[in-house]
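**Q** Handing you this structure, nothing more for now.
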Amino acid sequence: MRALVYEAPRTLRVRDVPAPEPAPGEVIVRVAYSGICGSELSGYLGQNELRRPPLIFGHEFSGWVAEVGHGVEGRFSTGQPVTVNPLIGCQECRLCLSGRPHLCPRRRLLSASLPGSNAELVAAPASAVYPLPPGMPLDRAALTEPTACAIRAVRQAHPLPGQTVLVVGMGPLGLLMLQVLRVYGVERLIAVERNPHRLRYAEEMGAVGIVPSADVAQQVRERLGEEGPAIAIDAVGSTATRRLCLESVEPGGRVVFFGLHEPESLLQINAIVRREIECVGSFAYTPEDFATALRWLHQGKVSLPGRTVTAPLDDGAIWFERLLECQDDVVKVFLQPSPDAERAL
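Numbering of the sequence shown is given in the numbering used here, commencing with residue 826 and proceeding in unit increments.
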């Protein structure tokens, strides 16, 4: 099969590689759409310790059932449209058994410890394969994984209607967080983003847009006419954005750290203590979040605003480089490893 293989920092090539064979309990999925994630951009740069070459990236995807392994017969039909939860727990530890496999110390991830979806075929446990609701478009279904991440971050924030929420970073995840916050009844939203196109998308959803600067925390308070937002979510993960969230939020407020751009940050812990700021992390999602994301996307409660591009697998390296520039109006890129598969079904 054809796959886009990460061979070295900033080196991706389409190669012919062996097709996966279904192990017992597994499903082989023919990939229709495979989204490029920010975590894979850091891997492409050689800055992500989870992603080492040679590796096939891709974990936000949809497609069709191509083959099933022993023990899965009768649960899926060939050609059935599906999406896949790429985060796989051991299903034996306390965290997995309590519905939190995303925290499992033995968890595996497609596109990191396992081959991902930037290929014609990908293998996954049957328990991770979700049939699509009737009539759901495959490109929309490929947004299930990032939407689940956004849902988890908002759930960790515990927002209430009437509160003001600040979201820093209007990449795909930040924009999806704004949509999820709307579902939770939050109407007063502030978005911080330096890319003017992405900031415009946030403003079109009703958020107050702010371009980052040295006094952005003061700008936030001036826009609100109050102490600050009740909640701040950092969707970037740099020292600057983490500090911004802590400086902007009101006394007694909550900060959700989601982004993973920098592994360490020097933060003002005394200010956190004296202002009683509650800080919480948000990593990935639970199976419940994933199922909710699929349902909300199908119902139209959540969608990704802005310009989305669909490109052939052969153009994958071009789009990885272009997304690193983060200058244009493209929000999401989907690669199509099997563009002719639907006509053949």
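Idealized CB from N, CA, C, for every residue including glycine.
#1: What are the start and end residues of the beta strand (DSSP E) that includes P1137?
#2: Which residues does DSSP list as the beta-bridge partners of D841?
#3: Return the residue from the list A966, L870, L1071 that minimises the CA-CA distance to T908.
#4: Please state if the CB of F901 and the CB of V893 are separated by a distance shorter than 8 Å.
#5: Quick one: measure Cβ to Cβ for A949 and E851, integer angstroms, because I've assumed they're closer than 8 Å.
#6: In the DSSP assignment, what residue or residues form a beta bridge with F1115?
#7: Our contact map puts L920 next to Y869 with C-beta atoms below 8 Å; I'd like the distance itself, whole angstroms only.
#8: For P1157, collect the residues of the same chain with a Cβ closer than 7 Å to its Cβ; drop the 5 residues on either side in sequence, then sort them by chain order.
#9: Are the stretch 874-885 and the stretch 937-946 in contact at 8 Å, needing three or more beta carbon pairs?
#10: Once DSSP output is grouped into helix, strand and coil, what is the label at V1041?
#11: Taking Cβ to Cβ, would you say T969 is nearer than 8 Å to L1122?
#12: Does the stretch 1107-1122 come close enough to the stretch 976-983 to have 3 or more Cβ pairs within less than 8 Å?
#13: Which word fits A1169, buried or exposed, when buried means at least 16 other C-beta atoms lie within 10 angstroms of its C-beta?
#14: In or out: V990 buried (at least 16 other Cβ within 10 Å) or exposed?
#15: Which residues in the same chain as E832 place their Cβ atom closer than 8 Å to its Cβ, once the five residues preceding and following it in sequence are excluded?
#16: Where does L1122 fall in DSSP's three states?
#17: Which residue from D1114, Q1161, E1012, D1154 puts its Cα closest to that of H1022?
#18: List the residues that DSSP assigns as beta-bridge partners of T809.
#19: In three-state terms, what does DSSP make of G868?
#20: How do the stretch 1135-1144 and the stretch 1029-1036 stand: do at least 3 beta-carbon pairs fall below 8 Å, yes or no?
#21: Can you tell me the Cα-Cα spacing of C862 and V1081, whole angstroms?
#22: Considering only the beta carbon of each residue, do V993 and A937 sit closer than 8 Å?
#23: So is H895 buried or exposed if we call it buried at 16+ other beta carbons inside 10 Å?
#24: Provide the residue span of the beta strand (DSSP E) that contains Y858, from first to last.
#25: Is G905 helix, strand or coil by DSSP?
#26: Might you give, ordered along the chain, the residues of its own chain that have their beta carbon closer than 6 Å to the beta carbon of G1084, omitting 5 neighbours on each side?
#27: Does DSSP put Q1152 in a helix, in a strand, or in coil?
#28: Given P1164, which residues of its chain have a CB within under 7 Å of its CB, disregarding the five upstream and five downstream residues?
#29: Using a 10 Å radius around the Cβ and a threshold of 16 neighbouring Cβ atoms, would you call R1120 buried or exposed?
#30: What's the gap between the Cα of L1000 and the Cα of A973?
#31: Report the three-state DSSP secondary structure of A953 (helix, strand or coil).
**A** On the basis of the supplied data:
#1: Residues 1132-1137.
#2: R827.
#3: Per the Cα distances, A966.
#4: At the C-beta level, V893 and F901 come within 8 Å of one another.
#5: With 8 Å as the limit, A949 and E851 qualify as a contact, their Cβ atoms being about 7 Å apart.
#6: In the DSSP assignment, no residue is bridged to F1115.
#7: Between L920 and Y869 the beta-carbon gap is near 30 Å, outside 8 Å, which marks them as no contact.
#8: Checking the sequence shown, residue 1157 turns out to be Lys, not Pro. G860, P997, L1129, T1133.
#9: Yes: at least three Cβ pairs fall under 8 Å.
#10: Residue state, collapsed to three classes: helix.
#11: In contact: T969 and L1122 (Cβ atoms closer than 8 Å).
#12: Yes, they touch.
#13: Caution applies to A1169, whose pLDDT of 47 falls short of 50 and renders its modelled position unreliable; the value that the coordinates give is listed next. With a 10 Å radius around the Cβ and a threshold of 16 neighbouring Cβ atoms, A1169 comes out exposed.
#14: When all chains shown are included, V990 counts as buried.
#15: Within the same chain, R838, P878, P879 come within 8 Å of E832 by CB-CB distance, once the 5 residues on both sides are set aside.
#16: Reduced to three states, the DSSP call for L1122 is helix.
#17: Distances from the CA of H1022 to each of D1114, Q1161, E1012, D1154 were compared; the closest alpha carbon is that of D1154.
#18: This structure leaves residue 809 out entirely; the chain is present only between 826 and 1170.
#19: In the structure shown, G868 sits in a helix (DSSP, three-state: H, G or I).
#20: Segment contact: the stretch 1135-1144 against the stretch 1029-1036, fewer than three CB-CB distances shorter than 8 Å; contact not assigned.
#21: Cα atoms of C862 and V1081: separation of roughly 20 Å, rounded to the nearest angstrom.
#22: Note that the C-beta distance between V993 and A937 is not below 8 Å.
#23: Exposed, because fewer than 16 other Cβ atoms sit within 10 Å of the Cβ of H895.
#24: That run of the beta strand (DSSP E) goes 851-860.
#25: The identity of residue 905 in the sequence shown is Gln, whereas the question assumes Gly. Secondary structure of Q905 (DSSP, three-state): coil.
#26: Hits under 6 Å: D1059, A1060, V1061, G1062.
#27: DSSP places Q1152 outside both helix and strand once states are collapsed to three, so it counts as coil.
#28: Contacts found: P1137.
#29: It counts as exposed.
#30: Straight-line spacing of the CA atoms in L1000 and A973 works out to 13 Å.
#31: Residue state, collapsed to three classes: helix.
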